[in-house]
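Comments concern the structure below.
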Amino acid sequence: STGPYTITIKYGGDEIPYSPYRIQSLPTGDASKCRLTVSIGGHGVSSLHKLQTSEDTVITVDAKAAGKGKVTCKVLTPQGMELDMDVVENHDGTFDIYYTAPEPGKYVITIRFGGQNIPKSPFQVMATNEPVVPRDTVDPLFRPVNFLVPFTPQQGEITGEVRMPSGKTGRPHITDNKDGTITIKYQPTERGLHEMDIKYDGNHIPGSPLQFYV
Numbered sequence: 001s002t003g004p005y006t007i008t009i010k011y012g013g014d015e016i017p018y019s020p021y022r023i024q025s026l027p028t029g030d031a032s033k034c035r036l037t038v039s040i041g042g043h044g045v046s047s048l049h050k051l052q053t054s055e056d057t058v059i060t061v062d063a064k065a066a067g068k069g070k071v072t073c074k075v076l077t078p079q080g081m082e083l084d085m086d087v088v089e090n091h092d093g094t095f096d097i098y099y100t101a102p103e104p105g106k107y108v109i110t111i112r113f114g115g116q117n118i119p120k121s122p123f124q125v126m127a128t129n130e131p132v133v134p135r136d137t138v139d140p141l142f143r144p145v146n147f148l149v150p151f152t153p154q155q156g157e158i159t160g161e162v163r164m165p166s167g168k169t170g171r172p173h174i175t176d177n178k179d180g181t182i183t184i185k186y187q188p189t190e191r192g193l194h195e196m197d198i199k200y201d202g203n204h205i206p207g208s209p210l211q212f213y214v
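Going by full-length UniProt numbering, the sequence shown opens with residue 1, and the numbers climb by one from there.
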């Protein structure tokens, strides 16, 4: 986040000359121009005030007009644990955040762009076992696509890219399950045949590219 910081540098237990250093962290871009869309279980909802437990929530931050910067996200659980969430940066200036609330209760979701809170962040969110809105009153989107793939990453980087029927590209969210498998999640925005590359250190993993219909 932005603001003043104090950096202390020591050598052999003693501070080096001129330490501590006082610096100012400045924002990059304009977080006020970020826009948010939310889908729960593949259906669009109007705001980030309620979540449904055990349903995939996809939070998309549109930062096209915000300039240069990165999106970060933290979730404060009902037990007071603060979790850093993975953020998927897409090629079109948007960022996707995937989260599934494990239990009912009050959550606080903080989303920043370039170190600054986006509009209305931090979000006070209540998770419930009940559907957030009736199914017939929400905007229909496509349900998230999930794959469980046997693969064990080592020290390298695992990346993904989805080619949509229109020719556009997107990025899936990839999680190492630490059990010899990876979970791949993707929120489609188009209907038709999609092709997904999953690469490890620049090389296709076994079974890649994957094809799926929406």
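Cβ atoms here follow ideal geometry from the backbone N, Cα and C, with glycine treated the same way.
It should be emphasised that the depicted structure is a prediction, and the values quoted were computed from it without experimental measurement.
Taking DSSP's pairing of strands, which residues face residue i in a bridge?
i	result
L51	A127
H173	K185
C73	I111
G3	S25
F142	Note: F142 sits in no beta bridge, so no partner.
residue 221	Since the first and last residues shown for the chain are 1 and 214, residue 221 lies out of range.
V162	G170 and M196
Give me the Cα-Cα distance between residue i and residue j, rounded to the nearest whole angstrom.
i	j	result
residue 251	S208	With the chain represented from 1 up to 214, any question about residue 251 goes unanswered, as that position is not in the structure.
residue 245	P206	Residue numbering for the chain in the displayed model covers 1 to 214; residue 245 lies beyond these limits and cannot be assessed.
Y186	R171	7 angstroms
S46	K70	24 angstroms
P131	S19	54 angstroms
F212	S39	21 angstroms
R163	H204	15 angstroms
R112	S121	8 angstroms
T152	G180	5 angstroms
Y21	E82	28 angstroms
I184	A101	18 angstroms
G156	S166	31 angstroms
G3	Q116	10 angstroms
T110	G29	18 angstroms
Does DSSP classify residue i as helix, strand or coil?
i	result
K185	strand
E15	strand
K199	strand
K10	strand
D136	Residue confidence for D136 is low, a pLDDT of 43 falling below 50, so the modelled location carries little weight and cannot support an answer.
K106	strand
S46	coil
S39	strand
**Prompt:** If we count Cβ pairs, one from each stretch, closer than 8 angstroms, do we get three or more for the region 69-81 versus the region 96-107?
**Reply:** yes
**Request:** Give a yes or no on contact between the region 188-196 and the region 59-67, applying the rule of three or more CB pairs nearer than 8 angstroms.
**Result:** no
**Request:** Decide yes or no for the touch test of the region 83-100 against the region 156-176: beta carbon pairs closer than 8 angstroms, at least 3 of them.
**Result:** yes
**Asked** Can you find at least 3 beta carbon pairs, one from the region 50-58 and one from the region 122-130, that sit closer than 8 angstroms?
**Response** yes
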